[in-house]
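Per this note's numbering, numbering of the sequence shown is gapless, rising by one per residue and ending at 184. All remarks here apply to the structure that follows.
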Amino acid sequence: MKKILLLAYLLLSFVSLAQESGNILLPQNQKRNNPFENFTFGGNIGASFGNDLWGISLSPRIGYKLTDDLELAFLMNYNYQKGKYTQYNFLGLGPSLNYYFMRSAYLQTSYQHYFINQKFNGDKSYHKEEDALYVGGGYMQSLGGSTYMRIGFTYNVLYKKDKSIFSSGFSPSIGIVIGL
5 MKKILLLAYL LLSFVSLAQE SGNILLPQNQ KRNNPFENFT FGGNIGASFG
55 NDLWGISLSP RIGYKLTDDL ELAFLMNYNY QKGKYTQYNF LGLGPSLNYY
105 FMRSAYLQTS YQHYFINQKF NGDKSYHKEE DALYVGGGYM QSLGGSTYMR
155 IGFTYNVLYK KDKSIFSSGF SPSIGIVIGL
């Protein structure tokens with residue numbers, strides 16, 4: 005027990021000495037740069053339930069603030085749904101560009117390339133790839149610090165009713181962004 009306490013004391017002493025030395029070496033007017041200062045993180049999580057249908061969706065995102073109001077992000081969307089006669093999952097990947105107005109509203113455009121797999125009655129399979137170009141915007145609410153909740157709508161301008169796997173070109177979203 006004495007060895008553990010001595011090791012903890014030495015470790016804490018070394019850490020506090022390193023912090024003091026670091027402060028002495030930096031000039032007073034030099035700002036410390038955090039390499040992750042301009043990165044943002046967040047995403048959406050969803051679930052769906054209905055008559056003989058259930059599903060989950062996960063949409064993580066990572067972004068980089070080009071300016072205080074302009075952000076370039078990379079999005080990933082994964083959805084899985086299972087019903088009585090069908091099952092499908094899809095993965096979407098692509099970039100997004102977001103412009104923020106006074107941290108209360110935003111405009112968004114994003115491109116997604118989807119990889120889609122469907123199974124019908126357990127034996128027939130269907131594989132498809134589809135592109136989407138979403139344009140939209142929404143409202144932001146501060147949750148404290150640099151964390152915001154985003155609520156918005158986008159429309160897929162590449163949507164074709166008879167050719168798309170999706171039932172509509174409109175897409176609502178609710179999510180969290182950390183680091184704005």
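Built from N, CA and C at the ideal position, the CB exists for glycine as well.
Presumed contact (8 angstroms Cβ cut-off) between residue i and residue j, rounded CB distance
i: Asn160; j: Ser177; result: In fact, because the Cβ distance is near 13 angstroms, the residues do not count as touching under 8 angstroms.
i: Tyr118; j: Leu95; result: 7 angstroms
i: Gly98; j: Tyr115; result: 4 angstroms
Reduced DSSP category for residue i - H, G, I as helix; E, B as strand; rest coil
i: Ile169; result: coil
i: Leu70; result: coil
i: Phe78; result: strand
i: Lys164; result: coil
i: Arg107; result: coil
i: Gly179; result: strand
i: Leu62; result: strand
i: Phe134; result: Checking the sequence shown, residue 134 turns out to be Glu, not Phe. Here Glu134 sits in strand by DSSP.
i: Tyr89; result: coil
i: Asn102; result: strand
i: Asn125; result: coil
i: Phe53; result: strand
i: Thr44; result: strand
i: Ser150; result: coil
Close-in-space but distant-in-sequence residues of the same chain around residue i (CB under 7 angstroms, 5 per side omitted)
i: Gly46; result: Arg65, Gly179, Ile180, Val181 and Ile182
i: Lys165; result: none
i: Ser168; result: Glu134
i: Lys132; result: Ile120 and Ile169
i: Gly141; result: Ala109, Tyr110, Leu111, Gln112 and Gly156
Residue i vs residue j beta-carbon contact at 8 angstroms
i: Leu57; j: Ile49; result: no
i: Tyr103; j: Asp72; result: no
Same chain, Cβ closer than 8 angstroms to residue i, five either side skipped, listed in chain order
i: Tyr68; result: Asn42, Phe43, Thr44, Glu75, Leu76 and Ala77
i: Gly148; result: none
Cβ neighbours of residue i in the same chain (closer than 6 angstroms, five flanking residues each side left out)
i: Tyr92; result: Gln85 and Gln122
- [ ] Count the C-beta pairs between the region 78-87 and the region 106-113 that are closer than 8 angstroms, then say yes if the count reaches three, no if not.
- [x] no
- [ ] Determine, using beta-carbon pairs with one atom in the region 117-125 and one in the region 153-163, whether at least three such pairs fall under 8 angstroms.
- [x] no
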